[in-house]
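Peer 1: Following this message is one structure expressed as structure tokens.
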Amino acid sequence: MKRDFLSGGVLIALAAAYYIATGSIAESTLSDEIGATGLPRLLAMLLAFIGLALIARTAFVALAARHASVPVAPPAEEEEGAPLPRAIGLLLIGGAYVVLLPFIGYFLAVALLIAGVALYEGAARSWVVPAAALGGATLYWAIFVKLLGVHQPAGTLFQGWLS
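Counting from 1, position 58 in the sequence shown corresponds to residue 58 in UniProt numbering; the numbering is continuous, with no gaps.
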């Protein structure tokens, strides 16, 4: 429970730092009424809300345990005790995505990211993983490139394809 409370505080601090950093985003003459800072500020507020919700949940569980006079068993994930190596592994997968993105392009990088995370988290090695990876990459590409008009890098290997 202490870990959840601390995590909520860290999320709120990160959200505050991110919100303050959005102030340095330059406004352009092409900005709409929301501006270039609209989405980043919304994301910062959502991150702060998640941190507050985590703290509130921890407080409610502790309060309920105090009133019930029954010790609350820690969640299964805290009992297993390997979150740091898992987090480092996911961070390395994310880092590989960032490094590969300019070379292989958005579509393939997202597909590899989805497949890599799924396999890292223990998904069965079957046809479902590549299907989900390609389907997810297609969905994200369609949302960002076609629907929202946000062009994503095609990559030096596939210059001009999928853009």
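Glycine included, every Cβ here is placed at the ideal spot set by N, Cα and C.
Are at least three pairs of beta-carbons, each pair with one atom in the segment 145-157 and one in the segment 103-120, less than 8 Å apart?
Peer 2: In the pairwise beta carbon analysis, the segment 145-157 is classified as touching the segment 103-120: at least three pairs are separated by under 8 Å.
Peer 1: With a 10 Å radius around its C-beta and 16 neighbouring C-beta atoms as the bar for buried, classify I114 as buried or exposed.
Peer 2: buried
Peer 1: Are the segment 85-93 and the segment 46-65 in contact at 8 Å, needing three or more beta carbon pairs?
Peer 2: no
Peer 1: Rank P83, L84 and A109 by C-alpha distance to the C-alpha of G95 and give the top, closest one.
Peer 2: That would be A109, whose Cα lies nearest to the Cα of G95.
Peer 1: Can you tell me the Cβ-Cβ gap for I20 and P40, rounded? I've got them flagged as a contact below 8 Å.
Peer 2: Not a contact, Cβ separation roughly 11 Å.
Peer 1: Under 6 Å Cβ to Cβ from G51, same chain only, skipping five residues before and after it: list those, please.
Peer 2: Here the set comprises G8, L11 and I12.
Peer 1: Out of curiosity, what's the CA-to-CA distance linking G38 and L139?
Peer 2: Roughly 24 Å separates the two Cα atoms.
Peer 1: Quick check: what's the CA-CA separation for L6 versus A59?
Peer 2: 12 Å
Peer 1: Assign A123 to buried or exposed, taking buried as 16 or more other Cβ atoms, counted over all protein chains shown, within 10 Å of its Cβ.
Peer 2: exposed
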